[in-house]
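Structure first, then comments.
2 protein chains.
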Amino acid sequence: MAGGDVPALLRVLSGERLERPPVWIMRQAGRYLPEYRELRTRAKSFLDFCYSPALATEAVMQPLRRFPLDAAILFSDILVVPDALGRKVWFVEGEGPRLNPLIEEQAWSFDDPQRGLQRLSPVYEAVERIKAAIPRDIALIGFCGGPWTVATYMLQGQGGEKERARRAAYERPGDVEALLAALVEMSAQHLAAQVKAGADCLQIFESWSEGLTPDQFRRLIIEPTKQLLVRLRELGVAVPVIGFPRGAGAQIGAYARETGITALGVDTQTPAAFAKQAAPEGMPLQGNLDPLTLVVGGAALEDETRRVLQDFAGSPHIFNLGHGITPEASPNNVARLIQIVKGAV
Amino acid sequence: MAGGDVPALLRVLSGERLERPPVWIMRQAGRYLPEYRELRTRAKSFLDFCYSPALATEAVMQPLRRFPLDAAILFSDILVVPDALGRKVWFVEGEGPRLNPLIEEQAWSFDDPQRGLQRLSPVYEAVERIKAAIPRDIALIGFCGGPWTVATYMLQGQGGEKERARRAAYERPGDVEALLAALVEMSAQHLAAQVKAGADCLQIFESWSEGLTPDQFRRLIIEPTKQLLVRLRELGVAVPVIGFPRGAGAQIGAYARETGITALGVDTQTPAAFAKQAAPEGMPLQGNLDPLTLVVGGAALEDETRRVLQDFAGSPHIFNLGHGITPEASPNNVARLIQIVKGAV
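Heads up: the protein sequence lines correspond to chains R and C, in order.
By numbering that gives the first Met the number 0, the letter at position 87 of the first sequence is numbered 86, and the numbering carries on one by one without gaps.
By numbering that gives the first Met the number 0, the letter at position 113 of the second sequence is numbered 112, and the numbering carries on one by one without gaps.
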């Protein structure tokens with residue numbers, strides 16, 4: 000790859016400080032775009048949509064046609080991993096994902112990872128198609144959910160309050176450990192297959208990092224994530240990995256230092272100054288604009304965007320939100336945001 | 000007051016390190032106690048219950064008869080303050096509190112604080128009765144909600160996702176500032192009246208501190224809390240104030256240093272070592288046992304209780320949970336917890 004073709008996102012992930020940070024947006028392909036809402040009607044279920052390489056590829060391309068983004072991210076869902084493990088997943092319109100809750104079952108068993116990879120082959124085909132479709136200076140990000148976040152859905156059968164999942168961690172510690180081990184192995188295989196298919200780097204979405212005791216944070220988040228990174232490297236994957244432990248609060252330092260991640264995703268609530276001081280010296284940081292500013296727009300969007308740019312200055316920085324963009328966000332506000340980040344206004 | 004009568008809680012709040020920390024439990028009077036569930040049936044609505052000095056006093060006494068607790072806390076609700084400001088509050092069984100959402104109204108107006116104090120006079124009568132009923136070595140805690148937490152309920156009309164309240168803070172900043180100012184004044188008057196009626200110390204429950212941007216955390220939490228403390232001191236209130244910014248994560252240091260609180264309540268997620276280092280040297284710390292351990296009991300309860308004792312050793316420490324006790328908790332587990340804290344087992 001010629002030097003000029005190296006995507007800015009990968010340069011920052013290798014530790015470079017760029018004058019203007021690369022920018023992408025969590026859930027940049029999604030419901031705030033009218034063309035996505037139209038596209039979505041072409042598949043019966045959300046999982047069918049994710050497993051259609053043509054539809055997933057088109058969803059990824061939509062925001063790239065509108066905005067000068069520095070990265071594309073695979074269109075998929077963190078719950079394809081339980082699906083690969085043989086746990087049925089379905090989506091209730093307007094409510095969210097559902098599974099049969101593990102906590103209501105006596106013995107837990109999961110399909111073999113090799114069988115899971117087979118089940119997920121349309122995802123890797125989508126990655127190949129996306130990689131072929133995007134310009135060389137746009138980085139392609141693969142992803143999976145963090146083991147604890149995915150385990151929470153599997154344990155409870157849905158999102159929301161995580162108390163039943165946390166209770167299982169106290170009451171069936173051996174079973175929960177085995178569940179996390181199964182998720183680590185399947186997730187590592189899943190990420191490795193994405194990289195083999197063309198992903199340039201990876202993100203682990205640990206969306207539900209909040210509310211754990213310090214001991215649980217270590218056992219349920221840090222340890223499994225560390226094992227996931229070890230396993231990934233054993234599988235020969237050398238690309239950078241962004242870890243995003245949303246809601247981890249004071250624990251982001253331990254997460255950044257101990258899991259083996261390359262870069263740290265910072266949520267909306269966490270001050271940049273804290274992230275800089277908590278993460279190892281020179282670790283690239285990603286974040287952390289409030290997604291609500293893309294709904295309200297105007298001065299709030301401008302002020303907050305410039306504040307984020309200023310607060311992360313001096314670190315290798317990837318501009319992003321501190322949480323996923325919401326369906327209520329305006330595409331015009333996204334365009335404006337990127338203009339500001341690129342220094343065009 | 001003879002030296003031996005000074006409640007252990009107040010000694011720790013004045014900075015003393017005791018070999019065995021005093022202990023109380025957030026929501027210690029509540030639904031996990033069968034006698035409370037029976038008592039609750041004697042009032043038609045939850046607010047009627049709070050406004051009955053006889054019932055509120057009896058609710059406070061119930062856990063004191065069962066457990067050797069070091070503090071009593073007024074039985075009331077953080078939403079009596081909007082009620083005092085003239086905003087109707089009601090409770091939907093099994094769902095929670097409801098108000099008419101301010102965000103749906105054009106112009107916001109609130110009753111005069113003096114009229115509010117009149118409305119809340121049964122609360123102060125309850126404080127007087129409780130003070131007369133409890134032994135001299137048990138501290139009586141008064142409380143209110145943090146201005147932003149209460150504002151969130153008033154803006155949205157209910158709890159849950161706080162995005163609509165955060166959106167109002169962007170879109171109607173002047174109105175939200177005026178709302179917070181009204182809450183600061185009413186809350187200060189309310190706390191001062193509790194102290195006049197016999198409360199020995201105070202706690203501010205900022206239960207919804209999470210998810211704000213750093214700028215919002217400063218404007219919506221730190222500044223109003225600081226003003227509340229200033230106003231309290233202007234009203235001649237000299238008692239210690241525990242601030243409990245649940246979910247504030249990396250921001251607890253700024254909260255502890257800048258608001259003027261005496262002691263910091265630490266939530267379940269925050270490591271004691273982080274709280275010690277983030278708060279000013281020698282600030283008393285309260286917390287932070289996982290409430291779920293009182294549901295699951297057994298080794299988890301024992302291990303976690305001893306871990307909390309050990310982690311906070313060396314600081315002036317008040318043993319408590321990191322969040323309120325839940326209705327599913329077992330009174331036997333509470334008894335066991337207190338035995339461990341008191342060194343009886």
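All C-beta atoms in this analysis are idealised placements derived from N, C-alpha and C, irrespective of residue type, glycine included.
None of the values given here were measured: they were computed from a predicted structure.
Exposed or buried, which one is Ser120 of chain R when buried takes at least 16 other CB atoms within 10 Å? Looking up residue 120 of chain R in the first sequence gives position 121. By the neighbour-count rule (16 or more Cβ atoms within 10 Å), Ser120 of chain R is not buried but exposed.
Alpha helix (DSSP H) segment containing Ile339 of chain C, residue limits: Locating residue 339 of chain C in the second sequence gives position 340, where the first residue counts as 1. Ile339 of chain C -> alpha helix (DSSP H) spans 330-340.
Under 7 Å by beta carbon: chain R residues contacting Leu291 of chain C: Here residue 291 of chain C is taken as the residue at index 292 of the second sequence, counted from 1. Within chain R, the residues near Leu291 of chain C are Glu162, Arg165, Arg166, Tyr169.
Is the CB of Pro213 of chain C under 9 Å away from at least one CB in chain R? Counted from its first residue, the second sequence places residue 213 of chain C at position 214. Chain R contact via Cβ: present.
My understanding is that Arg163 of chain C touches Ile102 of chain C, with C-beta atoms under 8 Å, so please give their C-beta distance in whole angstroms. Along the second sequence, one-based indexing puts residue 163 of chain C at 164. Along the second sequence, one-based indexing puts residue 102 of chain C at 103. With 8 Å as the limit, Arg163 of chain C and Ile102 of chain C qualify as a contact, their Cβ atoms being about 6 Å apart.
Leu116 of chain C versus Arg232 of chain C: straight-line alpha-carbon distance, rounded: Position 117 of the second sequence holds residue 116 of chain C. Position 233 of the second sequence holds residue 232 of chain C. When rounded, the distance between both Cα atoms is 18 Å.
Where does Lys43 of chain C land, buried or exposed, given buried means 16+ other C-beta within 10 angstroms? The sequence position of residue 43 of chain C within the second sequence is 44, counting from 1. Answer is exposed; the Cβ neighbour count stays below 16.
Between Leu336 of chain C and Pro96 of chain C, what straight-line distance do the alpha-carbon atoms span, to the nearest angstrom? Taking the first residue of the second sequence as 1, we reach residue 336 of chain C at position 337. Taking the first residue of the second sequence as 1, we reach residue 96 of chain C at position 97. Whole-angstrom Cα-Cα distance: 31 Å.
Same chain, Cβ closer than 7 Å to Gly323 of chain C, neighbours up to 5 away in sequence not counted: In the second sequence, residue 323 of chain C corresponds to position 324, counting from 1. For Gly323 of chain C, where only same-chain residues beyond five positions count, the Cβ hits under 7 Å are Met25, Arg26, Pro290.
State the beta-bridge partners of Trp89 of chain C as determined by DSSP. By 1-based counting over the second sequence, the position of residue 89 of chain C is 90. For Trp89 of chain C, which the question treats as bridged, DSSP gives the partners C:Arg97.
For a contact meaning CB atoms closer than 7 Å, what does Val333 of chain R contact in chain A? Included in the structure are the protein chains R and C, with no chain A among them.
Going by DSSP, name the residue or residues bridged to His316 of chain R. Here residue 316 of chain R corresponds to residue number 317 of the first sequence, with the count starting at 1. Answer is R:Leu284.
Quick check on DSSP: helix, strand or coil for Ile72 of chain R? Looking up residue 72 of chain R in the first sequence gives position 73. The answer is strand: DSSP assigns Ile72 of chain R an E or B state.
How many whole angstroms separate the CB atoms of Ala125 of chain R and Ala181 of chain R, which I take to be in contact at a CB cut-off of 8 Å? The sequence position of residue 125 of chain R within the first sequence is 126, counting from 1. The sequence position of residue 181 of chain R within the first sequence is 182, counting from 1. At roughly 24 Å, the Cβ-Cβ gap does not stay under 8 Å, so Ala125 of chain R and Ala181 of chain R are not in contact.
I want to see whether chain R comes within less than 9 Å of Thr258 of chain C, judged by CB atoms only; does it? Residue mapping note: residue 258 of chain C aligns to position 259 of the second sequence, counting from 1. So, not an interface residue.
Opening and closing residue of the beta strand (DSSP E) in which Gln202 of chain R lies: Your numbering for residue 202 of chain R matches position 203 in the first sequence. Element bounds for Gln202 of chain R: 200-205.
Tell me whether Ile137 of chain C sits in a helix, a strand or coil according to DSSP, three-state version. Within the second sequence, residue 137 of chain C is the residue found at index 138, counting from 1. Ile137 of chain C falls in the coil class under three-state DSSP.
Where Ala177 of chain C and Trp107 of chain C are concerned, what is the direct C-alpha to C-alpha distance, given to the nearest angstrom? For the purposes of this step, residue 177 of chain C is taken as residue 178 along the second sequence, with counting starting at 1. For the purposes of this step, residue 107 of chain C is taken as residue 108 along the second sequence, with counting starting at 1. Their Cα atoms are separated by approximately 9 Å.
Starting from Ala262 of chain C, trace the beta strand (DSSP E) in both directions and tell me its first and last residue. Residue 262 of chain C sits at position 263 when you count from the first residue of the second sequence. Segment 262-264, the beta strand (DSSP E) holding Ala262 of chain C.
Using only CA atoms, which one of C:Lys225, C:Ala58, C:Ala237 lies nearest to Ser75 of chain C? Mapped onto the second sequence, residue 75 of chain C falls at position 76. Taking only the C-alpha atoms, the option nearest Ser75 of chain C is C:Ala58.
Pick helix, strand or coil for Pro244 of chain C, following the three-state DSSP scheme. Numbered from its first residue, the second sequence carries residue 244 of chain C at position 245. In this structure, Pro244 of chain C counts as strand in the three-state DSSP scheme.
Using C-beta distances below 7 Å, list every residue in its chain close to Arg39 of chain R, excluding the 5 sequence neighbours before and after it, in chain order. Mapped onto the first sequence, residue 39 of chain R falls at position 40. Contacts found: Phe48.
By how many angstroms is the C-alpha of Ala328 of chain C removed from the C-alpha of Gln61 of chain C? The sequence position of residue 61 of chain C within the second sequence is 62, counting from 1. The sequence position of residue 328 of chain C within the second sequence is 329, counting from 1. If you take the alpha carbons of Gln61 of chain C and Ala328 of chain C, they lie about 16 Å apart.
Nearest-angstrom Cα separation, counted from Ala7 of chain C out to Ile137 of chain C: Position 138 of the second sequence, counted from the first residue, corresponds to residue 137 of chain C. Position 8 of the second sequence, counted from the first residue, corresponds to residue 7 of chain C. One C-alpha to the other measures close to 8 Å.
If you count every other CB in all the chains shown that lies within 10 Å of the CB of Val344 of chain R, and 16 or more means buried, which is it? Within the first sequence, the letter at position 345 stands for residue 344 of chain R. That one is exposed.
Only counting runs of 4 or more residues, tell me where the alpha helix (DSSP H) segments fall wholly within the segment 101-137 of chain R, in order along the chain. 112-118, 120-132
Can you tell me whether Val91 of chain R is buried or exposed, with buried defined as 16 or more other CB within 10 angstroms of its CB? To locate residue 91 of chain R, count along the first sequence from 1; it is residue 92. Val91 of chain R comes out exposed.
Ser206 of chain R: which of R:Val175, R:Asp110, R:Val149 sits nearest, CA to CA? Numbered from its first residue, the first sequence carries residue 206 of chain R at position 207. Residue R:Val149 is the option with its Cα nearest to Ser206 of chain R.
Anyone know if the C-beta pair for Ala70 of chain R and Ile140 of chain R falls short of 9 Å? The count along the first sequence starts at 1 and reaches residue 70 of chain R at position 71. The count along the first sequence starts at 1 and reaches residue 140 of chain R at position 141. Yes. Within cutoff.
So what's Gly158 of chain R in DSSP terms, helix, strand or just coil? To locate residue 158 of chain R, count along the first sequence from 1; it is residue 159. Three-state DSSP puts Gly158 of chain R in coil, outside helix and strand.
Residues near Glu209 of chain C in its chain [Cβ-Cβ closer than 8 Å; skip 5 each side]: In the second sequence, residue 209 of chain C corresponds to position 210, counting from 1. Within the same chain, Glu209 of chain C has close Cβ partners Arg245, Gly246, Ala247, Gly248.
How about Arg218 of chain C: is its Cβ closer than 8 Å to a heavy atom in the ligand GDP? The model depicted lacks the ligand GDP and carries no ligand whatsoever.
Contact under 9 Å by Cβ, Leu288 of chain R with Leu320 of chain R: Within the first sequence, the letter at position 289 stands for residue 288 of chain R. Within the first sequence, the letter at position 321 stands for residue 320 of chain R. Yes.
Looking at the strands, I want to know which residues DSSP matches up with Phe142 of chain R. By one-based count along the first sequence, residue 142 of chain R stands at place 143. Bridge partners of Phe142 of chain R: R:Gln202.
For Tyr35 of chain R, the first and last residue of its enclosing alpha helix (DSSP H): Locating residue 35 of chain R in the first sequence gives position 36, where the first residue counts as 1. Tyr35 of chain R -> alpha helix (DSSP H) spans 33-39.
Measure the CB-CB distance between Ile251 of chain R and Leu234 of chain R and report whether it falls below 9 Å. As a first step, residue 251 of chain R is located in the first sequence; it is residue number 252 there, counting from the start. As a first step, residue 234 of chain R is located in the first sequence; it is residue number 235 there, counting from the start. Their beta carbons are not under 9 Å apart, which means Ile251 of chain R does not touch Leu234 of chain R by this criterion.
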